[in-house]
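Some notes on the structure that comes next.
In the working numbering, the protein residues as written are 4 to 463.
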């Protein structure tokens with residue numbers, strides 16, 4: 004699993020999604036680990052491989068026709084599937100799956116860029132290969148004016164779910180936020196029940212947990228809660244219930260929270276108004292949701308839209324969300340479907356390939372602007388790959404906890420090497436240190452407005 008000087012992170016230059024260099028670039032990354040290639044060549048028809056793109060939403064948050072900087076491009080997804088099929092001898096099962104944002108239309112995401120046609124052509128070439136599309140969400144929300152008005156059941160993962168308790172191994176064990184976490188829904192009792200004392204639980208979808216190889220296909224993109232979203236953050240999409248995931252601690256820093264950057268009367272009023280509205284929406288779904296929408300609209304006019312005002316943990320002081328993401332990585336790498344754990348030396352097989360041909364900068368992950376970077380990068384360790392991703396974006400990985408803390412010693416280590424030991428190969432000569440990687444676009448990516456520290460601490 005680990006990346007070390009003998010298994011470096013690979014950078015491949017690809018100018019555009021229709022560039023003929025795309026296929027050889029992806030093939031090169033898929034062949035980084037010879038033992039993995041040999042294992043795939045056994046051509047076991049019972050083999051199950053998961054390919055997990057970043058399919059957060061079908062379009063940009065404010066531009067309905069803009070989607071390339073938001074999701075993993077279908078050309079990358081299909082080319083990875085094709086490359087895997089070739090290595091597998093055209094036998095086995097490949098599942099494309101994700102848990103998008105709760106109100107997204109999964110079918111619309113999966114239809115982008117003629118992905119169905121691309122997959123049909125692969126299936127025609129490899130008739131013994133099974134290719135599945137799977138929405139991992141158990142619930143889909145209907146929203147009006149950003150207020151949840153209805154919650155609809157979604158078909159569950161046919162391979163079940165894994166309830167995994169990290170206990171003292173969780174980054175929330177004995178953390179200051181107990182009892183005040185906010186998850187993904189209005190009922191905060193759920194997330195706090197699963198993160199209290201020695202109980203530190205996550206629910207993961209069974210398909211990613213039972214696969215023989217997990218292939219992560221994230222987007223090179225900024226993120227409002229963690230600074231960046233690449234390999235490590237992309238694992239939020241394998242969860243079985245987003246309301247088990249702590250996203251921030253309610254309140255301001257002065258009171259131990261990381262929901263808002265600063266306190267004051269306006270912040271206190273906003274928090275109370277929002278909490279009242281959420282409780283009303285839960286208690287009386289029809290009338291309460293209507294009242295919450297009206298209150299929210301008034302509040303936004305008075306206190307500013309979230310595309311310009313930091314709230315909800317969308318700022319550099321969020322000390323919660325990165326912990327959740329690293330917990331999920333440990334759960335996927337070392338957890339089993341029955342809730343037991345693997346030894347540190349026996350993690351699940353894993354590979355990640357980051358789509359940075361067109362990255363996303365600014366108000367990511369839902370409303371980023373395009374960052375044409377012309378790169379793919381990949382490897383067998385998410386922490387090492389994300390450290391290089393930071394450099395390509397112009398950021399110092401040491402300043403981002405979601406990356407730097409992934410190298411910490413742990414019972415279930417995400418990386419067996421240190422940050423300064425990560426090496427890079429770009430196909431043009433000997434491997435070199437990740438610290439030597441230069442930004443993929445002039446000046447680097449523009450961070451989310453809540454993360455000015457990333458501008459202040461640019462990678463040298």
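Glycine residues also receive a C-beta, built at the ideal position from the N, C-alpha and C atoms.
All figures in this text were calculated on a predicted structure; none of them were measured in a lab.
Buried versus exposed, by CB contacts within 10 Å (16 or more), residue i
i: residue 192; result: exposed
i: residue 145; result: exposed
i: residue 281; result: buried
i: residue 246; result: buried
i: residue 261; result: buried
i: residue 4; result: Summary for residue 4: the model assigns pLDDT 43, below 50, so the residue's position carries little reliability, and this model does not support an answer.
i: residue 292; result: buried
i: residue 300; result: exposed
i: residue 243; result: buried
i: residue 123; result: exposed
i: residue 180; result: buried
i: residue 160; result: buried
i: residue 6; result: Residue placement at residue 6 cannot be trusted, given a pLDDT of 42 that sits under 50; what the coordinates show is reported in the next sentence. Classification for residue 6: buried.
i: residue 38; result: exposed
i: residue 336; result: buried
i: residue 78; result: buried
Cutoff 8 angstroms; reference residue i; Cβ partners in own chain excluding five residues on either side
i: residue 409; result: 235, 329, 332, 385, 386, 389, 417, 418
i: residue 452; result: 311, 313, 365, 366
i: residue 288; result: 152, 153
i: residue 155; result: 142, 143, 144, 145
i: residue 126; result: 132, 134
i: residue 48; result: 94, 95, 131
i: residue 172; result: 203, 333, 413, 414, 415
i: residue 377; result: 16, 17, 18, 19, 359, 360, 443
First and last residue of the uninterrupted beta strand (DSSP E) at residue i
i: residue 242; result: Looking at the DSSP string, residue 242 is not in any beta strand (DSSP E), and its letter there is neither H nor E.
i: residue 213; result: No beta strand (DSSP E) holds residue 213; the alpha helix (DSSP H) holding it covers 209-213.
i: residue 236; result: Element bounds for residue 236: n/a, residue is neither H nor E.
i: residue 220; result: 216-220
i: residue 375; result: 370-382
i: residue 357; result: 353-366
i: residue 231; result: 230-232
i: residue 53; result: 51-56
Three-way DSSP call (helix, strand, coil) for residue i in this model
i: residue 157; result: coil
i: residue 42; result: helix
i: residue 166; result: strand
i: residue 8; result: In this prediction, residue 8 has a pLDDT of 43, which is less than 50 and means its spatial position is unreliable; what the coordinates show is noted afterwards. It is coil, neither helix nor strand.
i: residue 463; result: In this prediction, residue 463 has a pLDDT of 48, which is less than 50 and means its spatial position is unreliable; what the coordinates show is noted afterwards. Correct three-state label for residue 463: coil.
i: residue 204; result: strand
i: residue 455; result: helix
i: residue 98; result: strand
i: residue 425; result: coil
i: residue 225; result: strand
i: residue 315; result: coil
i: residue 447; result: coil
i: residue 407; result: helix
i: residue 414; result: coil
i: residue 13; result: strand
i: residue 263; result: coil
i: residue 436; result: strand
i: residue 293; result: helix
i: residue 199; result: strand
i: residue 344; result: strand
Contacting residues, own chain, Cβ-Cβ under 7 angstroms from residue i (five flanking each side not counted)
i: residue 90; result: 33, 40, 43, 44
i: residue 256; result: 320
i: residue 422; result: 390, 400, 401, 407, 410
i: residue 70; result: 61, 62, 63, 115
i: residue 25; result: 17, 78, 82
i: residue 13; result: 31, 32, 35, 380, 381, 382, 428
Sequence-distant residues of the same chain with beta carbon closer than 6 angstroms to residue i, five excluded per side
i: residue 76; result: 20, 358
i: residue 188; result: 246
i: residue 218; result: 54, 354
i: residue 456; result: 319
i: residue 201; result: 170
i: residue 460; result: 399, 402
i: residue 59; result: 103, 104, 368
i: residue 229; result: 236, 324, 325, 405
i: residue 442; result: 397
Span of the alpha helix (DSSP H) around residue i
i: residue 282; result: 268-286
i: residue 179; result: Taken as a continuous stretch (DSSP letters only), residue 179 belongs to no alpha helix (DSSP H), as it is neither H nor E.
i: residue 440; result: Segment: none, residue 440 is in no alpha helix (DSSP H) and carries neither H nor E.
i: residue 30; result: 25-33
i: residue 191; result: 191-196
i: residue 330; result: 324-337
i: residue 86; result: 77-90
i: residue 388; result: 385-396
Short CB-CB distance (under 8 angstroms) between residue i and chain C
i: residue 163; result: Judged by its chain identifiers, the structure shown contains no chain C, having just a single protein chain.
request  = Please specify which runs of the beta strand (DSSP E), each continuous and at least 3 residues long, are wholly inside the stretch 106-158, giving them in chain order.
outcome  = With a minimum length of 3 residues, the continuous beta strand (DSSP E) runs that stay inside the stretch 106-158 are 132-138, 142-147, 150-156.
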